[in-house]
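Chemist: In the working numbering, the protein residues as written are 339 to 671.
Before we start, here is the structure in question, set down as structure tokens.
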């Protein structure tokens, strides 16, 4: 991934006493690898999702992003970025979002497609990055240092990839704490877009719902394991589709069937057959792993915990592999 141009604006809430602060030139990119990693990390977030413009037609942001992609004159790119920042300023207030920096990045991806990335760093004062009066732009290195030292900083992202003048991929991500969704403010009000219900997204939705239901305290250990094992079996089967009712009749205990169906409806899990497609990350993290240890010990662990090294992980000790688990016992049978 190549980063070509970066411009930073500080955008406060429109109903505060603070005023928007716009850069008049591009920021110097001292460490492009850091920002490339930030963008790539965002692509692995659980709510990094494909989006499409409402009504199938780019709104103001879509049009401005396309202008930035195609524009070669630096002063014109700066001017268009001001329009994007002003639009963000008009949309955010104390009810929906905090002050923060808007970073606009222009470059090429690994496939030589041009992209424009919008990155909004939340909850930050304008004074947290130095404004270089000689360059008339914010110091990108200051924001990098903040993200390195304050890893809990929240950010939102939108990525638009082009083939010529046409959008070929559009994504959004919202790094909100305890949320699997993209805030309406960012997705609908600002980007004027909506989630794409692609087979990959619907498959991920199905997996997330079953996994969440299986973790509920009302299920005993055996029921939870059976559900997760059934989910894993469905995912690796040769069937090209998965259907909620078929899965429920085979793996959900009769006493829990009504609750399962009601919660599926509340979570808007499709009742129709879903074409089974996986992102690389979903494929890697879904399912469970079963370990047979010495002395006949059998352990079943969700795959994602092993990958993320949360509660369970594998260590090498000489020629042996050791499974370590540090988790409180909720139930036993």
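In this text, a Cβ means the ideal position worked out from N, Cα and C, and glycines have one as well.
#1: Cutting at 7 Å between CB atoms, please list the residues of its own chain near residue 421, excluding the five before and the five after it.
#2: Using a 10 Å radius around the Cβ and a threshold of 16 neighbouring Cβ atoms, would you call residue 413 buried or exposed?
#3: Would you check if the distance between the CB atom of residue 566 and the CB atom of residue 608 is smaller than 8 Å?
#4: Three-state secondary structure (DSSP) at residue 533?
#5: DSSP beta-bridge partners for residue 579?
#6: Assuming residue 354 is part of the beta strand (DSSP E), what are its boundary residues?
#7: According to DSSP, simplified to helix, strand and coil, what is residue 500?
#8: How would you write the range of the alpha helix (DSSP H) that residue 553 sits in, first residue to last?
#9: How many whole angstroms separate the CB atoms of residue 495 and residue 457, which I take to be in contact at a CB cut-off of 8 Å?
#10: Shortest alpha-carbon distance to residue 559 belongs to which of 397, 396, 667?
#11: With C-beta atoms as the reference, is residue 364 less than 8 Å away from residue 344?
#12: Could you tell me the alpha carbon to alpha carbon distance between residue 383 and residue 466, rounded to whole angstroms?
#13: Taking the C-alpha atoms as reference points, what is the distance between residue 362 and residue 347?
#14: Helix, strand or coil: how does DSSP classify residue 467 here?
#15: Give the single residue among 444, 511, 545 whose Cα lies nearest to the Cα of residue 533.
#16: Would you verify that the beta carbon of residue 362 is, or is not, closer than 8 Å to some beta carbon of chain C?
#17: Is the region 427 to 443 touching the region 546 to 559, taking contact as three or more C-beta pairs under 8 Å?
#18: Looking only at its chain, what residues have a beta carbon closer than 6 Å to the beta carbon of residue 469, apart from the 5 residues adjacent to it on each side?
#19: Could you tell me whether the Cβ atoms of residue 544 and residue 598 are closer together than 8 Å?
#20: Name, in chain order, the residues that DSSP records as bridge partners for residue 658.
#21: Specify the secondary structure class of residue 449 as computed by DSSP and reduced to three states.
#22: Please report the Cβ distance between residue 391 and residue 400, rounded to the nearest whole angstrom; I am assuming they are in contact, meaning their Cβ atoms lie under 8 Å.
#23: Tell me whether the beta-carbon of residue 342 lies closer than 8 Å to the beta-carbon of residue 438.
#24: For residue 578 and residue 546, what's the separation of their Cα atoms in angstroms?
#25: With distances taken between CB atoms, is the gap from residue 500 to residue 453 smaller than 8 Å?
#26: Between the alpha carbons of residue 653 and residue 644, how many angstroms are there, rounded?
#27: I need the straight-line Cα distance from residue 513 to residue 493, nearest angstrom please.
#28: Determine, using beta carbons only, whether residue 441 and residue 459 come nearer to each other than 8 Å.
#29: Kindly indicate the opening and closing residues of the alpha helix (DSSP H) around residue 403.
#30: Below 8 Å between beta carbons: does that hold for residue 377 and residue 339?
#31: Report the rounded CA-to-CA distance for residue 336 versus residue 524, giving the unit in angstroms.
#32: In the DSSP assignment, what are the bridge partners of residue 634?
#33: Return the bridge partner residues of residue 512 from the DSSP annotation.
#34: Which of the three DSSP states is assigned to residue 481 in this structure?
Modeler: Short version:
#1: 402
#2: So residue 413 ends up on the exposed side.
#3: no
#4: strand
#5: Bridge partners of residue 579: 613.
#6: Following the DSSP letters along the chain, one finds residue 354 in no beta strand (DSSP E), marked with neither H nor E.
#7: strand
#8: Element bounds for residue 553: n/a, residue is neither H nor E.
#9: About 5 Å separates the beta carbons of residue 495 and residue 457, which is inside the 8 Å limit, making them a contact pair.
#10: 667
#11: yes
#12: Computed Cα separation, rounded: 26 Å.
#13: Near 9 Å, if we compare the C-alpha coordinates of residue 347 and residue 362.
#14: coil
#15: 511
#16: Absence of chain C from the displayed structure is noted, only one protein chain being present.
#17: Touching, no, given that fewer than three Cβ pairs across the two stretches are closer than 8 Å.
#18: 476
#19: no
#20: 655
#21: coil
#22: 5 Å
#23: Cβ atoms of residue 342 and residue 438: not closer than 8 Å.
#24: 19 Å
#25: yes
#26: 11 Å
#27: CA-CA distance, residue 513 to residue 493, rounds to 5 Å.
#28: yes
#29: First-last of the alpha helix (DSSP H) with residue 403: 398 to 408.
#30: yes
#31: In the structure as shown, the chain starts at 339 and stops at 671, and residue 336 therefore has no counterpart that could be examined.
#32: None; residue 634 has no bridge partner.
#33: 494
#34: For residue 481, the secondary structure class from DSSP, reduced to helix, strand or coil, is helix.
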